[in-house]
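**Student:** When the letters of the sequence shown are read in order and numbered with my numbering, they come out as residues 1 to 759.
No residue lacks a Cβ here, since even glycine has one placed at the ideal position from N, Cα and C.
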Amino acid sequence: MPKIASSPPFVPDRADDDAAAQTTSPAPPTADEKQQRAAETVRALLVALTASLDIDQVMQQILDAALYVCAADSATIMLLEEQAGRAVHLTGFSPDRKEEIKAQIIPRGFYSFKQLARAHYPFLVHDTAQEPEWVITEDTASIRSAVGILIQSRDQVLGVMTVDSRQIGHFAPSDLPLLQDIARCAALALENHYQVSDLEHKVMERTAEQMNAARTLRAKMKDELEFHRNLTALHEITIELTAIGDLDTFFRRTVELGHQRLGFARAALFLYDPESDQCLGTYSADASGQLADKRAAAFRVPPDSILDQAFNSAERFSYSATLDVPAGPESAGIAWNAAAVLLNGSERLGWILVDSGSSSQPATPPMLETLALYSRTIGALLAQKRVQLELHRSEWAYRMLAENINDLVFRFTAAGQVSWVSPSSATLLGEAPEAFLAYVSYSRVHPEDRALLRERITAFVEYPNPLQPTLQATVRYRHHDGHYIWLELNGKARQSPETGEVEEVIFSARDISERKQAEAVLRSALERERELNDLKSRFVAMASHEFRTPLAVILSSAEMIASYRQRMDEKKIDDRLHKIIDQVNYLTTIMDNMLQLSRMGSGRVDFKPLRLDLDAACRTWIDAIRMTRGSQPIEYSCSCTDPTASMDQGLLRIAVLNLIANAIQYSVADQPVAVSLECDEREFRIAVQDTGIGIPEADQARLFEPFHRGENVGGKAGAGLGLSVTKEVIEMHGGTITFSSAVGVGSTFVLHLPRAQGA
């Protein structure tokens, strides 16, 4: 007796039970009508597969085709999901019922799955009432006969297609091969859908990675740009402060320039008197830039204050961002403040105190780094000016003490000689100032930058322009250890008060090598993104061209068999079937190469080198290809006395067979292809030589790019993937591939494989 279930997985839906009871299924077509319908539907489905990538649209056409061929009532495609299945595509059901069915999980014990799993062969139920394992419910009682077909690709089961009828014995055994043809179309559609989805997913992932990297790099470059602007201003401030002759003006301009040029909202400069252990005021600037005279202020630094914390910390710097900000109308308070100690070596000379003013935004890292550099610069200049005042020097341009700043400062005479350089040359250039002065002025500048820099400095000295008081340049300079670094130069001229002629140029230099590298990384990322887009375009072009011809052959052969089968003998039918098989194998080869190249590009290929007799392997591979390409002679020779190697036999076989297949395809008919194996103590060399059409010189530079083919291949089939895969395989072995070619003469490809991996 049939088993009864309380809730079937799914059944055809009927909006009106009374109307459904009065409706009868159409009479089944004759065998000839079914054959004719099958031929029509297969042709239509093959066209649909080439014309649309919309899987829902294609699957609907496939289900409609199944109903049309067998004059059935409903059809369903169920896809496997781990230990269960799900009905994804249906026809013959109402819209509401379709959604209910799609939401259900179908267990592996369901009749269709169980029957197909037993034999991996289609099942046919003539009368469901007589089938012991058929589950009958009130809704399924109308299904009186059914057919189930496996949907599989390359021995992998993707799902099940079922076709149902309300008539007993509606289906005949001859229906099974017709529905199997339709199921193969479903398998091909699903395989194409999965491959396209996988490729799109990889492209989207790679694009997202590139965009994230670009965003991170842009954020970093934004901070570097802010810091660079501050450093440029700091260079110019340093030059101006160096020229000031009295300390009071120096203190006042230090505060003013910190507010105006470096963006300090409020700033104050304090000096430290070690004799009285007191803090002495100079000047301060409020948020509007108004200066206040604090020279009368003198006090002891309160314990644990920000001045005390900076004074006693190892960094000589303190920052606080936890201050309360009152919300009342009287004062907005401050959100943060920072103190940096003025240093002369290890001697503490005072402080620069900066806060946020009325802003509630935290300080940026470039702002704090600029404050630290500014304090060290002011400390060095202050110590220098004190020494100069003590020695009663009246020299205009003071030598800057720069032991504690990273930027290089040097003086360049009008005659083109470096007269003085700061001690930071040891850090920046790897050599002491004395060694720097011993070189000819431009001898360490990169040859490509040398002439332009000399020309610009000469013009800056000989033709001073009041509208351009500074000289900026970017050059490559040879470090003491031999490598080049990028320097950004900022120079300001000192002119004679009497003649106005430039007497010297004071330069500051900063190492911007990291920024240049970051720019190069960004350019590389953008170029990679363009390459990915180009690769996608070439893939689409290749697929539209290389898939169309095999599918056309398959279609024409199928039409010929369908239309003239009765008038064709078995040999002609076999010939047509072999053509279909050959084209399917060709498409499979293209997809295998694409998948292999994709796995190599993402690092998912297992590389397992094992002990291998290369001579024996080459002979085996050549014998295999002779069986499929018997009309083309292949000559093989081996001069290697010890052909034993450690290589991945599976991957190397792909590389060698790709070269031989190309040589046969592009050679003159009946002309031999020469394969040779040579070796020495360092490497093995496998050469493949043909007398074919040759490779144009314009195509040789892009020969190993995926999907690229030469202009002279004409109508010869090919996807442009074989050489790309071969190159990847050889490089995985630590080897290289070389070639020589002449149009109309032929080509020779040589695989160079090291005896020791990584040699």
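Between which residues of its own chain and A414 is the CB-CB distance below 7 Å, once the five residues before and five after are set aside?
**Tutor:** Translated into the one-based positions of the sequence shown, residue 414 becomes position 414. Only V461, V502, E503 and E504 meet the Cβ criterion.
**Student:** Run the CB neighbour count on S174, radius 10 Å, all protein chains shown included, and call it buried at 16 or more, exposed below.
**Tutor:** By one-based count along the sequence shown, residue 174 stands at place 174. That one is exposed.
**Student:** Looking only at its chain, what residues have a beta carbon closer than 7 Å to the beta carbon of H193, apart from the 5 residues adjacent to it on each side?
**Tutor:** Taking the sequence shown and counting its residues from 1, one reaches residue 193 at position 193. Here the set comprises I55.
**Student:** Considering L271, what are the terminal residues of the beta strand (DSSP E) in which it resides?
**Tutor:** Taking the sequence shown and counting its residues from 1, one reaches residue 271 at position 271. L271 -> beta strand (DSSP E) spans R266 to D273.
**Student:** Could you spell out the range, first to last residue, of the beta strand (DSSP E) harbouring M211?
**Tutor:** The residue given as residue 211 occupies position 211 in the sequence shown. Where M211 is concerned, there is no enclosing beta strand (DSSP E), although the alpha helix (DSSP H) it sits in stretches over D175 to T242.
**Student:** So, is N212 buried or exposed, given that buried needs 16 or more other C-beta atoms within 10 angstroms?
**Tutor:** Here residue 212 refers to the residue found at position 212 when the sequence shown is read from its first residue. It is exposed - the Cβ of N212 has fewer than 16 other Cβ atoms within 10 Å.
**Student:** Could you name the residues of the same chain whose beta carbon sits closer than 7 Å to that of E224, not counting the 5 residues immediately before and after it, in chain order?
**Tutor:** Working through the sequence shown from its first residue, we reach residue 224 at position 224. So the list reads R515, once near-sequence residues are dropped.
**Student:** In or out: I581 buried (at least 16 other Cβ within 10 Å) or exposed?
**Tutor:** Here residue 581 corresponds to residue number 581 of the sequence shown, with the count starting at 1. By the 10 Å Cβ count, I581 comes out exposed.
**Student:** Sort G350, Q61, L241 and H89 by Cα distance to A268 and report the nearest one.
**Tutor:** Here the question's residue 268 lines up with position 268 in the sequence shown. Of the candidates G350, Q61, L241 and H89, the one whose C-alpha sits nearest the C-alpha of A268 is G350.
**Student:** Where does D648 land, buried or exposed, given buried means 16+ other C-beta within 10 angstroms?
**Tutor:** The residue labelled residue 648 in the question sits at position 648 within the sequence shown. That one is buried.
**Student:** How many angstroms separate the CA atom of Q35 from the CA atom of L67?
**Tutor:** For this step, residue 35 is matched to residue 35 along the sequence shown. For this step, residue 67 is matched to residue 67 along the sequence shown. Q35 and L67: Cα-Cα distance of roughly 14 Å.
**Student:** Would you say L234 and T458 are within 9 Å of each other, going by their C-beta atoms?
**Tutor:** Counting from one through the sequence shown, the residue named residue 234 turns up at place 234. Counting from one through the sequence shown, the residue named residue 458 turns up at place 458. Not closer than 9 Å, so no.
**Student:** Taking L767 as the reference, which of W621, A493, R755 and S667 has the closest Cα?
**Tutor:** Absent from the structure is residue 767, since the part of the chain shown begins at 1 and ends at 759.
**Student:** I believe P122 touches G148 by the beta-carbon criterion, under 8 Å. Please report the beta-carbon distance rounded to the nearest angstrom.
**Tutor:** The residue labelled residue 122 in the question sits at position 122 within the sequence shown. The residue labelled residue 148 in the question sits at position 148 within the sequence shown. That belief holds up - the Cβ atoms of P122 and G148 are roughly 6 Å apart, short of 8 Å.
**Student:** With distances taken between CB atoms, is the gap from V750 to A687 smaller than 9 Å?
**Tutor:** Here residue 750 refers to the residue found at position 750 of the sequence shown. Here residue 687 refers to the residue found at position 687 of the sequence shown. Result yes, Cβ atoms of V750 and A687 sit closer than 9 Å.
**Student:** So what's L429 in DSSP terms, helix, strand or just coil?
**Tutor:** Locating residue 429 in the sequence shown gives position 429, where the first residue counts as 1. The answer is coil: DSSP assigns L429 none of H, G, I, E or B.
**Student:** Please state the DSSP three-state secondary structure of G744.
**Tutor:** The residue you call residue 744 lines up with position 744 of the sequence shown. Looking at G744 - three-state DSSP - the assignment turns out to be coil, as it is neither helix nor strand.
**Student:** Determine the direct distance from the alpha carbon of R154 to that of G735, and round the result to whole angstroms.
**Tutor:** As a first step, residue 735 must be located in the sequence shown, where it is residue number 735. As a first step, residue 154 must be located in the sequence shown, where it is residue number 154. One C-alpha to the other measures close to 33 Å.
**Student:** Mind reading off the beta-carbon distance from D277 to R252? Whole number of angstroms is fine, and I expect it under 8 Å.
**Tutor:** Locating residue 277 in the sequence shown gives position 277, counting from the first residue. Locating residue 252 in the sequence shown gives position 252, counting from the first residue. Not quite, the Cβ-Cβ distance comes to about 25 Å (not below 8 Å), so this is no contact.
**Student:** Could you check how far apart the C-beta atoms of P672 and E728 are, in whole angstroms? I think they sit under 8 Å.
**Tutor:** For the purposes of this step, residue 672 is identified with residue 672 of the sequence shown, where counting begins at 1. For the purposes of this step, residue 728 is identified with residue 728 of the sequence shown, where counting begins at 1. Between E728 and P672 the Cβ distance is about 29 Å, and since that is not below 8 Å, they are no contact.
**Student:** Grab me the residues of V125's own chain with a C-beta within less than 7 Å of its C-beta, minus the 5 sequence neighbours each way, in chain order.
**Tutor:** For the purposes of this step, residue 125 is identified with residue 125 of the sequence shown, where counting begins at 1. For V125, where only same-chain residues beyond five positions count, the Cβ hits under 7 Å are E131, W134, S145 and A146.
**Student:** May I have the straight-line CA-CA distance separating F227 from A525, to the nearest angstrom?
**Tutor:** Translated into the one-based positions of the sequence shown, residue 227 becomes position 227. Translated into the one-based positions of the sequence shown, residue 525 becomes position 525. In a straight line, the C-alpha of F227 is about 24 Å away from that of A525.
**Student:** Going by beta-carbon coordinates alone, are M221 and L487 separated by less than 9 Å?
**Tutor:** For the purposes of this step, residue 221 is identified with residue 221 of the sequence shown, where counting begins at 1. For the purposes of this step, residue 487 is identified with residue 487 of the sequence shown, where counting begins at 1. Taking 9 Å as the Cβ cut-off, M221 and L487 do not qualify as a contacting pair.
**Student:** Could you check whether A297 and E347 sit closer than 9 Å to each other, using their CB atoms as the reference points?
**Tutor:** The residue you call residue 347 lines up with position 347 of the sequence shown. The residue you call residue 297 lines up with position 297 of the sequence shown. No.
**Student:** Under the three-state reduction of DSSP, which class applies to L761: helix, strand or coil?
**Tutor:** The question about residue 761 has no answer, for the chain in this structure spans 1 to 759.
**Student:** Going by beta-carbon coordinates alone, are M161 and T76 separated by less than 9 Å?
**Tutor:** Working through the sequence shown from its first residue, we reach residue 161 at position 161. Working through the sequence shown from its first residue, we reach residue 76 at position 76. It is a contact, given that the beta carbons lie within the stated cut-off.
**Student:** According to DSSP, is Q104 part of a helix, a strand, or is it coil?
**Tutor:** Within the sequence shown, the letter at position 104 stands for residue 104. Three-state DSSP puts Q104 in coil, outside helix and strand.
**Student:** Give every residue of the same chain whose Cβ lies closer than 6 Å to the Cβ of L190, excluding the five residues on either side of it in the sequence, and list them in chain order.
**Tutor:** Along the sequence shown, one-based indexing puts residue 190 at 190. Cβ neighbours of L190 beyond the five flanking positions: L158.
**Student:** Beta strand (DSSP E) containing G169: first to last residue?
**Tutor:** Taking the first residue of the sequence shown as 1, we reach residue 169 at position 169. Here G169 belongs to no beta strand (DSSP E), and DSSP marks it neither H nor E.
**Student:** In three-state DSSP terms, what is Q638?
**Tutor:** Residue mapping note: residue 638 aligns to position 638 of the sequence shown, counting from 1. The question names Gln, but residue 638 is Cys in the sequence shown. Residue state, collapsed to three classes: strand.
**Student:** Mind checking P366: buried by the 16 CB within 10 Å criterion, or exposed?
**Tutor:** The sequence position of residue 366 within the sequence shown is 366, counting from 1. So P366 counts as buried.
**Student:** For the beta strand (DSSP E) that contains T413, what are its first and last residues?
**Tutor:** What you label residue 413 is simply residue 413 of the sequence shown in a count that begins at 1. L408 to T413 is the span of the beta strand (DSSP E), which, as asked, contains T413.
**Student:** With 16 as the cutoff for other CB atoms within 10 Å, does A335 come out buried or exposed?
**Tutor:** Taking the sequence shown and counting its residues from 1, the one referred to as residue 335 is at position 335. A335 is buried by the Cβ-count criterion.
**Student:** Is G289 near E256, with beta carbons less than 9 Å apart?
**Tutor:** As a working note, residue 289 is residue 289 in the sequence shown. As a working note, residue 256 is residue 256 in the sequence shown. Against a cut-off of 9 Å, the Cβ pair of E256 and G289 comes out as a contact.
**Student:** Between which two residues does the alpha helix (DSSP H) holding T458 run?
**Tutor:** Taking the first residue of the sequence shown as position 1, residue 458 is located at position 458. Here the alpha helix (DSSP H) through T458 covers P447 to E462.
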